[in-house]
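**Student:** Just so we're aligned, residue 10 is where the sequence shown starts under my numbering, counting upward by one. Pasting a structure here, questions to come.
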Amino acid sequence: MKKAFRLSLVFALILALIVIGMFYTGNFAATGPLVLVFFIVLAVGFRLNPLTKGFSFGMVIFAMVALGMYYPSLFIEYQGFHLSVLIIPLIQVIMFGMGTSMSIKDFIGVARMPKGVVIGVVAQFSIMPVVGYMLVYYSHLPSEIAAGIILLGCAPGGMASNVMAYLAKANLALSITLTAVSTLLSPFLTPLLMKILAGELIEINVLKMMGDIIKMVIIPIGAGLLVNKFLDGRAPWLHQMMPKICMVVIGIVIVLITATGRDSLLEVGLLLILLALIHNTCGFTLGFWFARLVGMKERDCRTVALEVGMQNGGMALGLAKEMGRVATLGLAGIIFSSLHNVTGSILASYWHNRAPKDNIYP
Numbered sequence: 010m011k012k013a014f015r016l017s018l019v020f021a022l023i024l025a026l027i028v029i030g031m032f033y034t035g036n037f038a039a040t041g042p043l044v045l046v047f048f049i050v051l052a053v054g055f056r057l058n059p060l061t062k063g064f065s066f067g068m069v070i071f072a073m074v075a076l077g078m079y080y081p082s083l084f085i086e087y088q089g090f091h092l093s094v095l096i097i098p099l100i101q102v103i104m105f106g107m108g109t110s111m112s113i114k115d116f117i118g119v120a121r122m123p124k125g126v127v128i129g130v131v132a133q134f135s136i137m138p139v140v141g142y143m144l145v146y147y148s149h150l151p152s153e154i155a156a157g158i159i160l161l162g163c164a165p166g167g168m169a170s171n172v173m174a175y176l177a178k179a180n181l182a183l184s185i186t187l188t189a190v191s192t193l194l195s196p197f198l199t200p201l202l203m204k205i206l207a208g209e210l211i212e213i214n215v216l217k218m219m220g221d222i223i224k225m226v227i228i229p230i231g232a233g234l235l236v237n238k239f240l241d242g243r244a245p246w247l248h249q250m251m252p253k254i255c256m257v258v259i260g261i262v263i264v265l266i267t268a269t270g271r272d273s274l275l276e277v278g279l280l281l282i283l284l285a286l287i288h289n290t291c292g293f294t295l296g297f298w299f300a301r302l303v304g305m306k307e308r309d310c311r312t313v314a315l316e317v318g319m320q321n322g323g324m325a326l327g328l329a330k331e332m333g334r335v336a337t338l339g340l341a342g343i344i345f346s347s348l349h350n351v352t353g354s355i356l357a358s359y360w361h362n363r364a365p366k367d368n369i370y371p
């Protein structure tokens, strides 16, 4: 296994050097297959090593972005059918999968951990929206692309944060509860925050956005909860298959949106990557220290940090589609969500080897 892991890294390095050489000689268009193979090799190689296993899905997402960038015509239209129509139903599938992994107990957890939930929700809907607004203010991006950054910041936490919380030896129960509660509050808080912070950049219809979130997020999650309750452990295959199905669907959504917004990504892609790293790092750092300063245990601080730093990119992408601006408003969701999986894995791996302290910070 170790030998296969090393061989995959060597092969990926060789591919990277070839791609760099082709870039240098001006053969950009011909690098597509090599870039795709590069990310796939890394995804497979990382999967073989327990220390890097968490990075595997991030590499797959990067491969999907590359696929949409190099071959956009394949994912825009097929025999007169605009493939972007599939984005909303696919996101609803993801949200349904999210619901099947939850239960009513996740919401009851509020009563068991009220302090942690309140602190986590306050951090979630204050830190990321404000940081997103500040990044937009100083970056001078086109208005719709800038609004996309704020939109992602105003989204609730995503399910990926629960996986990272488990790997980071954080409070998994609190993480799941925070995801559930922030998602439940998103139809009210996300449109309101968007109106306040992004109303000058694009037109925000608060009531329509509320309806879109309910239709795209709350109803599918509710259906997933009911299915989970009804089956009550009688269909273990569902819990085994849904995460895999959701991963495939996420990849398809990323490809479709990347292909649609390819031209805009070529213009601002590097800047968006930089802003994504800043936004994500601020989410992890400020989330942790906010929880620490109000007296939470380190285990819970890690939970809040991961929950704040990792947003529900799927919801942001779906809202961008509903607003008819997926090629611009949705770009931040593509870049930021891809990087969140990688940086979240790095942070979780770092904490995994360092047991949290039990003392409460002043």
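Glycine residues also receive a C-beta, built at the ideal position from the N, C-alpha and C atoms. All values derive from a computational prediction rather than experimental measurement.
Spatial neighbours of L26 within its chain, please: CB distance less than 8 angstroms, with the 5 preceding and 5 following residues excluded, ordered by chain position.
**Tutor:** Closer than 8 angstroms at the Cβ level, and outside the excluded window around L26, lies no residue.
**Student:** Going by DSSP in three states, E86 sits in which element: helix, strand or coil?
**Tutor:** The answer is strand: DSSP assigns E86 an E or B state.
**Student:** Does the distance from the CB of L326 to the CB of G339 come in under 7 angstroms?
**Tutor:** For L326 and G339, yes; Cβs fall inside 7 angstroms.
**Student:** Going by the beta-carbon positions, is the gap between I103 and V303 smaller than 7 angstroms?
**Tutor:** Not a contact, by the Cβ cut-off of 7 angstroms.
**Student:** Is G220 helix, strand or coil when you go by DSSP?
**Tutor:** In this structure, G220 counts as helix in the three-state DSSP scheme.
**Student:** Kindly indicate which three-state DSSP category K306 falls into: helix, strand or coil?
**Tutor:** If DSSP states are grouped into helix, strand and coil, K306 belongs with the strands.
**Student:** Could you compute how far the alpha carbon of Q88 sits from the alpha carbon of L315?
**Tutor:** Those two C-alpha atoms are separated by around 43 angstroms.
**Student:** Let me know the alpha helix (DSSP H) ranges lying completely inside the region 243-324, each 4 residues or longer, listed in chain order.
**Tutor:** If we require 4 residues or more, the alpha helix (DSSP H) runs fully inside the region 243-324 come out as 245-269, 271-302, 307-318.
**Student:** Roughly how many angstroms lie between the CA atoms of A364 and R311, to the nearest whole one?
**Tutor:** If you take the alpha carbons of A364 and R311, they lie about 11 angstroms apart.
**Student:** Nearest to G108 by CA position, among T186, F297, A285, V215, is which residue?
**Tutor:** Checked all of T186, F297, A285, V215; the closest Cα to G108 is T186.
**Student:** Considering only heavy atoms of the ligand MG, does any lie closer than 6 angstroms to the CB of D272?
**Tutor:** No copy of the ligand MG appears in this structure; indeed no ligand is present at all.
**Student:** Sorted by chain position, which residues of the same chain lie with C-beta nearer than 7 angstroms to V351's C-beta, five sequence neighbours on each side aside?
**Tutor:** Contacts found: F64, G67.
**Student:** Just tell me which of I49, A38, E331, A39 has its CA closest to the CA of V215.
**Tutor:** Here the closest residue by C-alpha is E331.
**Student:** Going along the chain, which residues of its own chain have a beta-carbon closer than 7 angstroms to the beta-carbon of V287, five neighbours each way excluded?
**Tutor:** Looking at the sequence shown, residue 287 is not Val but Ile. If we look at I287 and ignore the five residues flanking it on each side, its Cβ neighbours are L144.
**Student:** Find out if the Cβ-Cβ distance for the pair L18, G77 is shorter than 7 angstroms.
**Tutor:** Going by C-beta atoms, L18 is not nearer than 7 angstroms to G77.
**Student:** Within this structure, are the beta carbons of M225 and I113 separated by less than 7 angstroms?
**Tutor:** In this structure, I113 does not lie closer than 7 angstroms to M225 by Cβ.
**Student:** Taking the straight line between their C-alpha atoms, what separation do you get for F90 and M251?
**Tutor:** In a straight line, the C-alpha of F90 is about 27 angstroms away from that of M251.
**Student:** Report the three-state DSSP secondary structure of H349 (helix, strand or coil).
**Tutor:** It is helical.
**Student:** Taking Cβ positions, are V261 and I344 nearer each other than 7 angstroms?
**Tutor:** A quick correction: the sequence has Ile, not Val, at residue 261. Cβ atoms of I261 and I344: not closer than 7 angstroms.
**Student:** Give a yes or no on whether the minimum CB-CB distance between L202 and chain C is below 7 angstroms.
**Tutor:** Here chain C cannot be found, since the structure has a single protein chain.
**Student:** Name the residue from A72, K12, I49 whose alpha carbon lies nearest to the alpha carbon of L265.
**Tutor:** Cα-wise, what sits closest to L265 is A72.
**Student:** Just verifying my parser: in three-state terms, what is the DSSP assignment at H149?
**Tutor:** Coil at H149, not helix or strand.
**Student:** Within 10 angstroms of the Cβ of G353, are there 16 or more other Cβ atoms? Answer buried if so, exposed if not.
**Tutor:** It is buried - the Cβ of G353 has at least 16 other Cβ atoms within 10 Å.
**Student:** Could you spell out the range, first to last residue, of the alpha helix (DSSP H) harbouring V46?
**Tutor:** It spans 41-56 - the alpha helix (DSSP H) in which V46 sits, taken as one unbroken run.
**Student:** If you count every other CB in all the chains shown that lies within 10 Å of the CB of W246, and 16 or more means buried, which is it?
**Tutor:** Burial call: exposed.
**Student:** Looking only at its chain, what residues have a beta carbon closer than 8 angstroms to the beta carbon of V28, apart from the 5 residues adjacent to it on each side?
**Tutor:** If we look at V28 and ignore the five residues flanking it on each side, its Cβ neighbours are T40, L43, V44, F47.
**Student:** Taking 8 angstroms as the limit between beta carbons, can you name the residues of its chain near M256, skipping five residues before and five after?
**Tutor:** The residues are F66, V69.
**Student:** Report yes if the CB atom of L356 is closer than 7 angstroms to the CB atom of F297, and no otherwise.
**Tutor:** Contact: no.
**Student:** Taking buried to mean at least 16 other C-beta atoms within 10 Å of its own C-beta, is F105 buried or exposed?
**Tutor:** Buried is the call here.
**Student:** Determine the direct distance from the alpha carbon of K11 to that of A156, and round the result to whole angstroms.
**Tutor:** Straight-line Cα distance between these residues: approximately 45 angstroms.
**Student:** Grouping DSSP H, G and I as helix and E and B as strand, with all else coil, what is G166?
**Tutor:** Here G166 sits in strand by DSSP.
**Student:** Expressed to the nearest angstrom, what Euclidean distance is found between the alpha-carbon atoms of I117 and A132?
**Tutor:** Near 20 angstroms, if we compare the C-alpha coordinates of A132 and I117.
**Student:** Which residues mark the beginning and the end of the alpha helix (DSSP H) in which R15 is found?
**Tutor:** It spans 11-33 - the alpha helix (DSSP H) in which R15 sits, taken as one unbroken run.
**Student:** If we ignore side chains and look at the alpha-carbon of each, how far apart do L202 and T61 end up?
**Tutor:** Answer to the nearest angstrom: the Cα atoms are 36 angstroms apart.
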